[in-house]
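In mature numbering (1 follows the signal peptide of the UniProt record, and there is no 0), the protein residues as written are -22 to -1, 1 to 398. Backbone N, C-alpha and C fix where the C-beta goes; we use that ideal spot for every residue, glycine too. All values derive from a computational prediction rather than experimental measurement. Read through the structure below, which is laid out as structure tokens, and then see the notes.
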Ligand SMILES: *[C@@H]1O[C@H](CO)[C@@H](O)[C@H](O)[C@H]1NC(C)=O
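Next up, the structure:
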């Protein structure tokens, strides 16, 4: 008996000694670096277990507006959580109502639609001409936006979701979003409203994703450098209730909300923005948002492709909302990320490398799915643009191996400014 006691005692002592040793062992440099890298990879995150859309299918669009906008906890609890942390915001992400491009895409079928989506108009040969450029809402799309408004205002859901906290509205400068915002947010108070270029839909090739200039075309001394289609009215006269802040690309470092030029400098005829570039754009938008918006509640009126990139950027599943569907997202900005990144920067590690590592991490597990419904392989558009009023932009590069479209475009915009 005493033998067993002694054995147990010895074993216990051994285990204690081992534990003490492990505790005393300093974390080696490699481990510290690894921890730092982990933190740096995820500057934004979203707490799990609040909304049904977190567990949505990777492939299928959602079924439409969920009860309580998908909240699986009472909104009082979600709002209490919102107040717990300073760098935490509630984003109410709204997809625009059905646009003419959505209607044509659904009714024509993929082959016919793919053949016309780079053109300015579609003639159904039955007397109706549809404007595809900067596509507006259909009648159904307007009704969807009004229906959302009646849930938010008439049904009292906006007050329930926000408890009257001051909110900022961020709206994509494409017509279908400005129109949706006007209808869906009627009677909802905003502390500030911004029309923001970085929440636009996937850039390039499709004319429905090109935007009109802020000023009317005839008020422009020069023709728009790359507008693919003609239009009568600019943004300011189409939607005079919003302010359009136009940035000089040379001030990119100090950029707040706004547009990168009076006319559309981001859309190109030959190149479609890739998913990973759009996720970077979403991160950049979040950087601007957390720097410049003091409000805890932010309503973002945007598009399905950008919604998915925004969700990926905060490490949520890339849920694809239906037209005029509202998806709530709580976003946390990691406080120590900046310091870690700076330390790393000082240590000589390139920032771009850090961003690539972050991008790999947020896209991990989603490489095999069609993240953006428009991310399919495309033929070079040349013959199909019979009704295009513009011409191919001179000096456009269609190299598919360029590092990041956004950076390249911003660079080109800077060149443009210098040239003037
Ligand atoms: C409302 O907007 C103003 C102006 O942008 C800002 O100074 C203020 O902090 C905002 N209020 C809140 C509560 O965020």
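inquiry  = If contacts are defined as beta-carbon pairs under 8 angstroms, then residue 153 and residue 112 qualify, I think. What distance do you get, rounded to the angstrom?
reply    = As a first step, residue 153 must be located in the chain shown, where it is residue number 175. As a first step, residue 112 must be located in the chain shown, where it is residue number 134. In this structure residue 153 touches residue 112 by the C-beta definition: roughly 5 angstroms separates them, less than 8 angstroms.
ask   = Out of curiosity, what's the CA-to-CA distance linking residue 309 and residue 22?
value = Here residue 309 refers to the residue found at position 331 of the chain shown. Here residue 22 refers to the residue found at position 44 of the chain shown. Straight-line Cα distance between these residues: approximately 7 angstroms.
inquiry  = Considering only DSSP beta bridges, list what residue 170 is partnered with.
reply    = Residue numbering aside, residue 170 sits at position 192 when the chain shown is read from its first letter. According to DSSP, residue 170 shares a beta bridge with 146.
ask   = Between the C-alpha atoms of residue 280 and residue 207, what's the straight-line distance to the nearest angstrom?
value = Reading the chain shown from its first residue, position 302 is the one you call residue 280. Reading the chain shown from its first residue, position 229 is the one you call residue 207. So the two alpha carbons sit approximately 22 angstroms from each other.
key: 3 or more residues per run - each beta strand (DSSP E) lying fully within the stretch 48 to 84   = 66 to 73
ask   = Taking 7 angstroms as the cut-off, does the CB of residue 144 come closer than this to any heavy atom belonging to ligand 1?
value = For the purposes of this step, residue 144 is taken as the residue at position 166 of the chain shown. It does: the Cβ of residue 144 is within 7 angstroms (strictly closer) of some heavy atom of ligand 1.
key: Where residue 136 falls: helix, strand or coil (DSSP)   = Here residue 136 refers to the residue found at position 158 when the chain shown is read from its first residue. The answer is helix: DSSP assigns residue 136 an H, G or I state.
ask   = So, are the CB atoms of residue 209 and residue 218 less than 8 angstroms apart?
value = Translated into positions along the chain shown, residue 209 becomes position 231. Translated into positions along the chain shown, residue 218 becomes position 240. In this structure, residue 218 does not lie closer than 8 angstroms to residue 209 by Cβ.
query = In the structure shown, what three-state DSSP assignment does residue 4 receive?
reply = For the purposes of this step, residue 4 is taken as the residue at position 26 of the chain shown. Because residue 4 sits at a pLDDT of 47, beneath the cut-off of 50, its placement in the model cannot be relied upon, and the following sentence gives the value as read from the coordinates. It is coil, neither helix nor strand.
ask   = Based on the DSSP output, what are the partners of residue 108 in its beta bridges?
value = As a first step, residue 108 is located in the chain shown; it is residue number 130 there, counting from the start. Bridge partners of residue 108: 100.
message = Please state whether the Cβ-Cβ distance between residue 110 and residue 95 is less than 8 angstroms.
response = Sequence index remark: in the chain shown, residue 110 carries index 132 (1-based). Sequence index remark: in the chain shown, residue 95 carries index 117 (1-based). Going by C-beta atoms, residue 110 is nearer than 8 angstroms to residue 95.
task = Below 8 angstroms on the Cβ atoms is my guess for residue 130 versus residue 166; work out the distance and round it to an integer in Å.
result = Start at 1 with the first residue of the chain shown, and residue 130 comes out as number 152. Start at 1 with the first residue of the chain shown, and residue 166 comes out as number 188. Right, their Cβ atoms sit about 6 angstroms apart.
task = Leaving aside the five residues before and after residue 57 along the sequence, list all residues of the same chain whose C-beta is less than 7 angstroms from its C-beta, in chain order.
result = Counting from one through the chain shown, the residue named residue 57 turns up at place 79. Excluding positions up to five away in sequence, the list reads 141.
query = Going by the beta-carbon positions, is the gap between residue 304 and residue 47 smaller than 8 angstroms?
reply = Position 326 of the chain shown, counted from the start, is the residue given in the question as residue 304. Position 69 of the chain shown, counted from the start, is the residue given in the question as residue 47. Yes; because the gap between Cβ atoms is below 8 angstroms, this pair is in contact.
request  = Within the same chain, show all residues whose beta-carbon is closer than 6 angstroms to that of residue 43, passing over the 5 residues directly before and after it, in chain order.
outcome  = In the chain shown, the residue the question calls residue 43 occupies position 65. Answer for residue 43: 303, listed in chain order.
query = Using a threshold of 7 angstroms, is the CB atom of residue 273 nearer than that to any non-hydrogen atom of ligand 1?
reply = The residue labelled residue 273 in the question sits at position 295 within the chain shown. At least one heavy atom of ligand 1 is nearer than 7 angstroms to the Cβ of residue 273, so yes.
request  = Taking the CB atoms as reference points, tell me whether residue 82 and residue 175 lie closer together than 8 angstroms.
outcome  = Here the question's residue 82 lines up with position 104 in the chain shown. Here the question's residue 175 lines up with position 197 in the chain shown. No, the Cβ-Cβ distance between residue 82 and residue 175 is not below 8 angstroms.
inquiry  = Quick check on this structure: which residue in 188, 269, 328 has the alpha carbon closest to the alpha carbon of residue 250?
reply    = As a position in the chain shown, residue 250 is number 272, starting the count at 1. Minimum Cα distance to residue 250 is reached at 188.
task = State the Cα-Cα distance for the pair residue 378 and residue 248, rounded to the nearest angstrom.
result = The sequence position of residue 378 within the chain shown is 400, counting from 1. The sequence position of residue 248 within the chain shown is 270, counting from 1. The pLDDT assigned to residue 378 is 36, lower than 50, so where the model puts this residue is not dependable, and the model offers no usable value.
inquiry  = By DSSP's criteria, residue 309 is part of a beta bridge. Which residues make up the other side?
reply    = Here residue 309 refers to the residue found at position 331 when the chain shown is read from its first residue. 67, per the DSSP bridge assignment.
query = ligand 2 heavy atoms versus the CB of residue 170: any closer than 7 angstroms?
reply = In the structure on display, ligand 2 does not appear, and the ligands it does have are ligand 1.
query = How many angstroms separate the CA atom of residue 294 from the CA atom of residue 24?
reply = The count along the chain shown starts at 1 and reaches residue 294 at position 316. The count along the chain shown starts at 1 and reaches residue 24 at position 46. Approximately 7 angstroms between the Cα atoms of the pair.
query = Is the beta carbon of residue 158 less than 8 angstroms from the beta carbon of residue 213?
reply = Residue numbering aside, residue 158 sits at position 180 when the chain shown is read from its first letter. Residue numbering aside, residue 213 sits at position 235 when the chain shown is read from its first letter. Not in contact: residue 158 and residue 213 (Cβ atoms no closer than 8 angstroms).
message = Quick check: what's the CA-CA separation for residue 334 versus residue 180?
response = Your numbering for residue 334 matches position 356 in the chain shown. Your numbering for residue 180 matches position 202 in the chain shown. Whole-angstrom Cα-Cα distance: 20 angstroms.
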